[in-house]
Amino acid sequence: MSLSDESTDPTPTIRQDAQPGFEDTEPASSMQEFYKLYQELLLITLVLTGVVFISVWIFYSLNIALNYLLGACTGVVYLRMLAKDVERLGREKNQLSKTRLALLVGIILLASRWNQLQILPIFLGFLTYKATLIIYVVRLAFVSD
10 MSLSDESTDP
20 TPTIRQDAQP
30 GFEDTEPASS
40 MQEFYKLYQE
50 LLLITLVLTG
60 VVFISVWIFY
70 SLNIALNYLL
80 GACTGVVYLR
90 MLAKDVERLG
100 REKNQLSKTR
110 LALLVGIILL
120 ASRWNQLQIL
130 PIFLGFLTYK
140 ATLIIYVVRL
150 AFVSD
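Counting with the numbering used here, you get residues 10 to 154 for the letters of the sequence shown.
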């Protein structure tokens, strides 16, 4: 087989050749999956926050529960900032920014300076979004589509 025979071969060699218009549909499909994942994670985080808030209120006190809620709300804001960063990745930016971490540092500094706030419940509330990720991964591992 000569070099000229290879260039006239009508067999598609890459996915874009095999499916006309593929390059237009793939990014839109990926972004739809991303938005679906983000909404699912946000919903799980909010439900988990509500359940833990009520549980902490019942078993401890309203003050500790409100501290937890403050941390959980900070975690939701952090998750939203992370999603916005990921959304811009590739189009506008080449890497994720690290300014989101300032949110956690700020809330912990506020808690350390203000007597009504307690650091541990706020920090554990912030980590609620991490529990959401664990729930999502475990569910994904055991429930295959």
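Glycine residues also receive a C-beta, built at the ideal position from the N, C-alpha and C atoms.
Separation of residue j from residue i, as counted between CA atoms
{"i": "P74", "j": "R97", "result": "In the sequence under discussion, the amino acid at residue 74 is Ala, which differs from the Pro named in the question. Rounded to whole angstroms, A74 to R97 spans 35 Å at the Cα level."}
{"i": "F132", "j": "L50", "result": "19 Å"}
{"i": "Q57", "j": "F68", "result": "According to the sequence shown, residue 57 is Leu rather than Gln. Between L57 and F68, the C-alpha separation is close to 16 Å."}
{"i": "C82", "j": "N103", "result": "28 Å"}
{"i": "Q127", "j": "L119", "result": "10 Å"}
{"i": "G30", "j": "L129", "result": "Low confidence applies here, because G30 scores a pLDDT of 46, under 50, leaving its location unreliable; read the following figure in that light. Each residue's Cα considered, the two are about 52 Å apart."}
{"i": "E32", "j": "V95", "result": "At E32 the pLDDT is 47, less than 50, meaning the model places this residue with poor confidence; the figure from the coordinates comes in the next sentence. Cα to Cα, E32 sits roughly 20 Å from V95."}
{"i": "F151", "j": "I117", "result": "36 Å"}
{"i": "S70", "j": "S39", "result": "44 Å"}
{"i": "L91", "j": "K45", "result": "15 Å"}
{"i": "L142", "j": "S64", "result": "20 Å"}
{"i": "V124", "j": "N72", "result": "It should be pointed out that residue 124 corresponds to Asn in this sequence rather than to Val. Spanning the two alpha carbons is a distance of roughly 12 Å."}
{"i": "K93", "j": "L149", "result": "23 Å"}
{"i": "E42", "j": "A111", "result": "28 Å"}
{"i": "R89", "j": "V147", "result": "22 Å"}
{"i": "Y145", "j": "G59", "result": "17 Å"}
Reduced DSSP category for residue i - H, G, I as helix; E, B as strand; rest coil
{"i": "Q48", "result": "helix"}
{"i": "V152", "result": "coil"}
{"i": "Q41", "result": "helix"}
{"i": "L136", "result": "coil"}
{"i": "L126", "result": "coil"}
Cβ separation of residue i and residue j, assumed to be a contact under 8 Å, to the nearest whole Å
{"i": "L79", "j": "G115", "result": "No, L79 and G115 are not in contact; Cβ-Cβ is about 12 Å, not under 8 Å."}
{"i": "V85", "j": "T54", "result": "6 Å"}
{"i": "Y87", "j": "L113", "result": "7 Å"}
{"i": "Y77", "j": "V61", "result": "7 Å"}
### Message
What ranges does the alpha helix (DSSP H) occupy inside the stretch 62-123, keeping only unbroken runs of at least 4 residues that lie completely in it?
### Response
71-97 and 109-122
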